[in-house]
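J.: Here it is, the structure in full.
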Amino acid sequence: MQHPSEEEIDRNPSRRAENDDMAVNEVLLDVLDESRHQEDERERERAAIRDDWRAIADLQRVVNRERDPINTYLMATERRLRGNDSSYLGPLTLMCRFCSALHFRAELTTRGDYTKCCQNNKVILPAFRPMPDLLRNLFNRTHPQSTNFRQNVLRYNYAFQFVSLEAKLRQLPRGRAPPVYTIQSKVYHHLSDINVNDPVQRYGPVYFLTPEEALHHRQQNANNDLLPQTIELIEDLLRNVNPYAQAYMHLRHRYDLEVETIERLQADAVRLRLDAPPLRMPLVTLELLQVRGANNRQFDLPVIPEVAAVYNSNIDHPPAPGLKVYVRNEPSRFKTISQESELLDPLVFPPLFPLEERGWCIGMPHNHGQRNITLCEYYAYHLAIRDNEQRFKYGGKLTQQYIVAAYIKIEAYRMKYI
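Going by the UniProt record's numbering, the letters in the sequence shown line up with residues 1 to 418, in that order.
Right, here's the structure in full:
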């Protein structure tokens, strides 16, 4: 808009009033524009504040979710129900200050502790002895025969078991999913006597044979998928380090001595023209001892003399009651082993427990207080992830079988009190 000149305003007073109105309007427009600009700035600031509060609320929800304990064992079901594609618990880097077990942040209790591993230092158990190099290398894929061993680890375990693991397995469709070990019935464990005339030996009696005979029977009992060289390596290892294998070997040595004694007496009778003594089976017995000691709080690792005893069956004072294996020349007899036996785990899973390990037994005490360690607490402690224990981490299908067997033992023990 063109403003009038000063001469025009002076000659025409009405033009002066009009010019003043125009100036006032321009000032008002400027003030209005400035006000609108300031209001826009304030609205942007309020929007930014609202965004900040939303971000703070979202962050607080994340913090609360990480702080609150959740049942991590139900995460798979929760993901299926909510329809999420994945669930991430964060890194496994937080360590229990008592037993050094590793945990996720979501497992932290409101008191700031982790209780699933050692129950706040109530459960203290001796660590398993380090696995021999051969088995460790076979499990963690650093041995030339690891691939075959891991693919057939259940068959290798079956080949070297001292006692049977009998159950009805449920076959699930595999597809592209990882393997799943499922049991649909009760589990039984049987210990077999030794029938020297049996052409097929299984479980513990195989250790009664010579290494060459044992290799033949183990291959025959399993299948052709097992490598003879791997069987031979494990056989040699267990006969050198496993106390139960050595007990069977000692039983064989004692049996051979008794047979030699009988044959010598018969030869002497023939030479001296006396009545030969009747030929009979040597009365030799192997007894697997359950030895936690008279003091229930003594849970030290046993040495070989405490693991088993070999003696003549007709002695006056046999050792304390235990699991007895007899040498016979008649069909083998089987004895059921209780789920509560401390011998069960090392006898069923020799590749996982090749040394002098013992399992859970009644009366194992808490570190503090008068309560005893339950089966669930025992397995929770040993299955917790620690940097110095790798056997369950690399056990593959055998670890699955071990955990399923442990779960069944826990449930069966709980059912006793219903």
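For each residue, glycine too, the CB sits at the ideal point set by N, CA and C.
Consult DSSP for tyrosine 188 and reduce its assignment to one of helix, strand or coil.
T.: Looking at tyrosine 188 - three-state DSSP - the assignment turns out to be strand.
J.: Kindly confirm or deny that the segment 383-399 and the segment 96-104 touch, where touching means at least three C-beta pairs closer than 8 Å.
T.: Contact holds: three or more Cβ-Cβ distances are below 8 Å.
J.: Where does residue 502 land, buried or exposed, given buried means 16+ other C-beta within 10 angstroms?
T.: Lying outside 1 to 418, the shown extent of the chain, residue 502 is not represented and no answer is given.
J.: Bridge partners for valine 307 per DSSP, in chain order?
T.: In DSSP, valine 307 forms no bridge with anything.
J.: Less than 8 Å between C-beta atoms, sequence neighbours within five positions excluded: which residues of the same chain meet that for arginine 129?
T.: Cβ neighbours of arginine 129 beyond the five flanking positions: Leu301, Leu355, Glu356 and Glu357.
J.: Does glutamate 411 come out as helix, strand or coil in the three-state DSSP assignment?
T.: Residue state, collapsed to three classes: helix.
J.: As a quick exercise: from Leu215, Gln246 and Ala247, pick the residue whose alpha carbon is nearest that of glutamate 232.
T.: The candidate whose alpha carbon is nearest that of glutamate 232 is Leu215.
J.: Please confirm if the segment 234-245 is in contact with the segment 263-276, defined as three or more CB-CB distances below 8 Å between the two stretches.
T.: These segments do not touch.
J.: Relative to the C-alpha of leucine 289, which residue among Glu342, Arg328, Asn240 and Arg252 is closest?
T.: Ranking the options by Cα distance to leucine 289, first place goes to Glu342.
J.: Taking the alpha-carbon positions, what's the methionine 95 to methionine 415 distance?
T.: Rounded to whole angstroms, methionine 95 to methionine 415 spans 34 Å at the Cα level.
J.: CA-CA distance, tryptophan 53 and alanine 380?
T.: Each residue's alpha carbon lies about 42 Å from the other.
J.: Quickly, what does DSSP pair lysine 335 with across the bridge? List them, please.
T.: In the DSSP output, where bridge partners are listed per residue, lysine 335 has Leu191.
J.: What residue from Lys168, His143 and Leu251 has the CA that sits closest to aspartate 193's CA?
T.: Minimum Cα distance to aspartate 193 is reached at Leu251.
J.: So, for proline 346: in the same chain, excluding its five sequence neighbours on each side, which residues have a beta-carbon less than 6 Å away from its beta-carbon?
T.: Cβ within range, chain order: Phe353 and Glu357.
J.: Using C-beta distances below 6 Å, list every residue in its chain close to glutamine 339, excluding the 5 sequence neighbours before and after it, in chain order.
T.: Correct list, in chain order: Lys409 and Ala412.
J.: Rounded to the nearest angstrom, what separates threonine 182 and asparagine 121 at their Cα positions?
T.: Approximately 33 Å, taken between the alpha carbons.
J.: Please identify the residue among Arg150, His190, Glu258 and Thr93 whose C-alpha is closest to the C-alpha of threonine 230.
T.: Selected option, being the one with the closest Cα: Arg150.
J.: So, for phenylalanine 392: in the same chain, excluding its five sequence neighbours on each side, which residues have a beta-carbon less than 7 Å away from its beta-carbon?
T.: Closer than 7 Å at Cβ, skipping near neighbours: Leu383 and Thr399.
J.: Buried or exposed for asparagine 240, please, with buried defined as at least 16 other CB atoms from any protein chain shown within 10 angstroms of its CB.
T.: The residue in question, asparagine 240, is exposed, as its Cβ has fewer than 16 Cβ neighbours within 10 Å.
J.: Count the other C-beta atoms from every protein chain shown that fall within 10 angstroms of the C-beta of serine 164, then say buried if there are 16 or more, exposed otherwise.
T.: Flag for serine 164 reads buried.
J.: Let me know the secondary structure DSSP gives proline 365 once reduced to three states.
T.: Note: proline 365 maps to strand in three-state DSSP.
J.: If you draw a straight line from the alpha carbon of residue 424 to that of arginine 46, how long is it in whole angstroms?
T.: Because the chain here runs from 1 to 418, residue 424 falls outside it and cannot be looked at.
J.: Work out the CA separation of asparagine 329 and asparagine 197 for me, nearest whole Å.
T.: About 6 Å.
J.: Taking the straight line between their C-alpha atoms, what separation do you get for isoleucine 362 and leucine 108?
T.: Taking the straight line joining both Cα atoms gives about 30 Å.
J.: Quick check on the DSSP output: the beta strand (DSSP E) that includes tyrosine 326 runs from which residue to which?
T.: Run containing tyrosine 326: 323-328, per the beta strand (DSSP E) assignment.
J.: Any idea what DSSP makes of glutamine 400, helix, strand or coil?
T.: In this structure, glutamine 400 counts as helix in the three-state DSSP scheme.
J.: When you compare the CB positions of lysine 335 and histidine 217, do they come within less than 8 Å of one another, or not?
T.: For lysine 335 and histidine 217, no; Cβs fall outside 8 Å.
J.: Let me check one thing: in DSSP terms, what residues is glutamate 39 bridge-paired to?
T.: Per DSSP, none; premise fails for glutamate 39.
J.: Which runs of the beta strand (DSSP E) fall wholly inside the segment 189-259 and span at least 3 residues, in chain order?
T.: For the segment 189-259, whole beta strand (DSSP E) runs of length 3 or above, ordered along the chain, are 190-192.
J.: So what does methionine 95 bridge to, in DSSP terms?
T.: In DSSP, methionine 95 forms a bridge with Leu102.
J.: Quick check on threonine 285: buried or exposed, where buried means 16 or more other Cβ atoms within 10 Å of its Cβ?
T.: Classification of threonine 285: buried, given that the 10 Å Cβ count is 16 or more.
J.: By the three-class DSSP mapping on this structure, what secondary structure does asparagine 372 have?
T.: Here asparagine 372 sits in strand by DSSP.
J.: Can you list, in chain order, the residues of its chain whose CB lies under 7 Å from that of proline 179, leaving out five sequence neighbours each side?
T.: Closer than 7 Å at the Cβ level, and outside the excluded window around proline 179, lie Lys397.
J.: Run the CB neighbour count on glutamate 377, radius 10 Å, all protein chains shown included, and call it buried at 16 or more, exposed below.
T.: Buried, by the Cβ-count rule.
J.: Could you tell me the distance, in whole angstroms, from the CA atom of isoleucine 337 to the CA atom of glutamine 184?
T.: Roughly 20 Å separates the two Cα atoms.
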